[in-house]
Amino acid sequence: MRLRALLDTDALGLRLLGGEDELDRTVRGVMTTDLRDPSRYLSGGELVLTGLAWRRDATDSEPFVRILASAGVTALAAGEAELGAIPEDLVAACARHRLPLFAVNESVAFATITEHVVRQVSGERAGDLAAVVDRHRRMMTSGPAGGGPDVVLDLLGSDLDLRAWVLSPAGRLIAGSPDAEPGLPSVVCAALAGEHLAAVRTGRRGPYRVAVGGTTYSLFPIRSTGRGTGTPGAPGAPGSRDVRETVLSDWLLAVEADAGDWPAERLDLLEGVTQLISVERDRRDAARTVRRRLAQEVLELVQTGAAPGEIAARLRVAAPVLVPGLGAAPHWQVVVARVEWDGGEIEGGAVAQALLEEILVDPLSSGPEPSDRIAVAHTGEEAIALVPLPAVSSEHDGSEAGLHADTLLAAVRDPLSAGLDDDGRLTLGVSASVHSAEGLRGALEEARHARRVAAARAGRVCAAGHQELASHVLLLPFVPDDVRRAFTARLLDPLRDYDRRHRAELIPTLEAFLDCDGSWTRCAARLHLHVNTLRYRVGRIEQLTSRDLSRLEDKLDFFLALRMS
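So, in structure tokens, the structure goes:
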């Protein structure tokens, strides 16, 4: 049963003091205690009832609540008979640990609450236990080896009437129940992935209950064991402790249902499903090991300045594995990515590798193996992908072929930004296509330069392509940070202050004026303003900054300041 159901039962005399956002938590049992440390008697999921006899002063609340939260307790209900009003230090401690807190009216006996919870929970378990155990056995004996995650999802649909999908952290559909066709729209997939990543980063306990497009979903993390990577420290590897090492690589199971009312056995069943799908994830990672190793060997030759002939020979040998089915070595592009976390204690190379293997997949593809033509290596903080392209015809110069930085991240920017939260960044650079081994070294440096251009921009997820390296924007990443900040503040802060005080729109007007190359009529039309109003705004900009927007030098300064801000 859910906490919300307890609060809605007037006879229980419960009053909510904190944790309104957590009322969909499931209560699996009840325990009464006044021990200072009841952890040995807790198994998780309990509603703990206490008369507060353990509290001697305000300093006792924090350790008591910390013990309950660490044990996985669902909520705490404190009686008012002993102290009257519930102490504020207990309310504050529960808020810090995201533990819902109820006050129990002194007229209500703890036995009344205990009897009600036991009766509700036992009734739910009795009706579902036998069927759940049987389904769990069948799923464990079937396993995913015969058909990937679809086998397990088929059992969920046929036995439990649950529509479910496996999604990547970027929101790509990997598998879905047969009766869930045609599957989830891509916009819903991206929204669910974003909700999942945001919940993981805020420390919420799964499953995560979310509503998207008027439909309720429960999201279950699918955590890789790391057995298939063979890479110490890889995402999901045993011993990983910081959530940032795995949050951007773990799959998720989205179930079209509200798991808040499910009994413990059904939740355990879904946990078993995620473990089976995790085995499939490990198998897929193991299949990628050879491609990763070959990519690493080719890139080491490129970076150490090996002769083009040696690189070409290695590519010919690797081609059947790197580009199965193409028959001949194609043109190539190089993509470089970095994931960086505040503090620098988390190495981002393996995370960036897993992300590139996901991002570079055709967004319209589905299934766990559409990336079998993407080879990604990583060294330290950087991941590098060799992306094969179909050979272009002789009449086409190939300048527009292949990946484009401005569209590469469009579909995944929102969910990945949720996973990066406020302490991580993903920056990515894309080279032009090259048609021979001789061009790979230049393509790698080009992609690295483009990534540095992306790193100079604002935002958690940024990309830049080779096209941008032909402009003055190439210079911006090499300007020291403090110089950039001082330059933009000196030029734009007066306009921002004016906009804030007067609710004006001088900054958007300046951007539009520069985009229109200083054309009064085109800019006025774009902004839906009279030309005289536009002239007034531009005049105010010039007055506040002591600049002249008819001068090329001042226009360029404004343009650079806007790009760096």
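Residue numbers (the numbering used here): 314 to 878. Glycine is no exception: its CB is placed at the ideal position from the N, C-alpha and C atoms.
Through-space distance from residue j to residue i, alpha-carbon basis
i	j	result
residue 623	residue 615	10 Å
residue 632	residue 645	12 Å
residue 843	residue 872	24 Å
residue 586	residue 575	15 Å
residue 834	residue 747	43 Å
residue 828	residue 766	20 Å
residue 425	residue 325	7 Å
residue 550	residue 599	With a pLDDT of only 42 at residue 550, under the threshold of 50, the placement of this residue in the model should not be trusted; the figure read from the coordinates follows. Going from the Cα of residue 550 to the Cα of residue 599 covers about 13 Å.
residue 689	residue 314	46 Å
residue 516	residue 558	14 Å
residue 513	residue 732	8 Å
residue 428	residue 434	10 Å
residue 866	residue 831	13 Å
residue 488	residue 813	48 Å
residue 322	residue 371	31 Å
residue 476	residue 466	8 Å
residue 386	residue 663	34 Å
residue 874	residue 764	20 Å
residue 408	residue 328	15 Å
residue 804	residue 506	39 Å
residue 859	residue 853	10 Å
residue 534	residue 604	27 Å
residue 524	residue 500	13 Å
residue 332	residue 699	49 Å
residue 840	residue 592	55 Å
residue 652	residue 721	16 Å
residue 440	residue 473	Because the pLDDT of residue 440 is 47, which lies under 50, any placement of that residue in the model is unreliable, and the number read from its coordinates should be weighed accordingly. Using only the alpha carbons, I get a separation of about 14 Å.
residue 479	residue 462	8 Å
residue 847	residue 536	56 Å
Residues that DSSP places opposite residue i in a beta bridge
i	result
residue 653	738
residue 691	696
residue 521	532
residue 464	Partner(s): none; residue 464 has no beta bridge.
residue 339	315
residue 486	480
residue 331	414
residue 743	648 and 778
residue 565	480 and 534
residue 702	644
Cut-off 7 Å between Cβ atoms - residues of its own chain near residue i, not counting five sequence neighbours on either side
i	result
residue 750	621, 624, 625 and 628
residue 881	Since the first residue of the chain shown is 314 and the last is 878, residue 881 is not available in this structure.
residue 509	521, 532 and 565
residue 367	347, 348, 349, 373 and 377
residue 330	399, 404, 414, 415 and 416
residue 850	819 and 822
residue 817	811
residue 730	773 and 774
residue 543	Residue placement at residue 543 is flagged as unreliable, the pLDDT there being 40, under the threshold of 50; the coordinate-derived value follows with that caveat. Only 602 meet the Cβ criterion.
residue 571	522, 529 and 531
Cβ-heavy atom distance, residue i to the ligand ZN, below 8 Å
i	result
residue 663	You won't find the ligand ZN in this model; it holds no ligand whatsoever.
CA nearest to the CA of residue i, picked from the options
i	options	result
residue 939	619, 868 and 815	Here the chain covers residues 314 to 878 and nothing more, so residue 939 does not appear.
residue 419	393, 758 and 604	393
residue 743	483, 401, 756 and 634	756
residue 654	617, 648, 619 and 694	694
residue 278	331, 433 and 727	The structure shown has nothing for residue 278, since the chain only spans 314 to 878.
residue 715	725, 723, 724 and 701	701
residue 657	737, 523, 630 and 387	737
residue 355	481, 384, 365 and 771	384
residue 822	810, 836 and 811	836
residue 870	318, 854, 839 and 801	801
residue 857	481, 579 and 807	807
residue 877	864, 768 and 811	768
Spatial neighbours of residue i in its chain, beta-carbon cut-off 6 Å, leaving aside the 5 residues before and after
i	result
residue 577	341
residue 745	779
residue 647	744, 756, 757 and 760
residue 697	612, 649 and 690
residue 345	362 and 423
residue 337	315, 522 and 573
residue 396	365
residue 609	690
Cut-off 8 Å between Cβ atoms - residues of its own chain near residue i, not counting five sequence neighbours on either side
i	result
residue 719	776 and 778
residue 430	314, 319, 340, 342, 343 and 360
Interface flag, residue i vs chain D, CB-CB below 9 Å
i	result
residue 354	Of the protein chains in the structure, only one exists, and it is not chain D.
Can you check the region 341–416 for any alpha helix (DSSP H) of at least 4 residues that lies completely inside it and give the ranges in chain order?
-> 374–383 and 401–409
Which whole runs of the alpha helix (DSSP H) in the region 761–845 are 4 residues long or more, in chain order?
-> 794–815, 819–828 and 833–840
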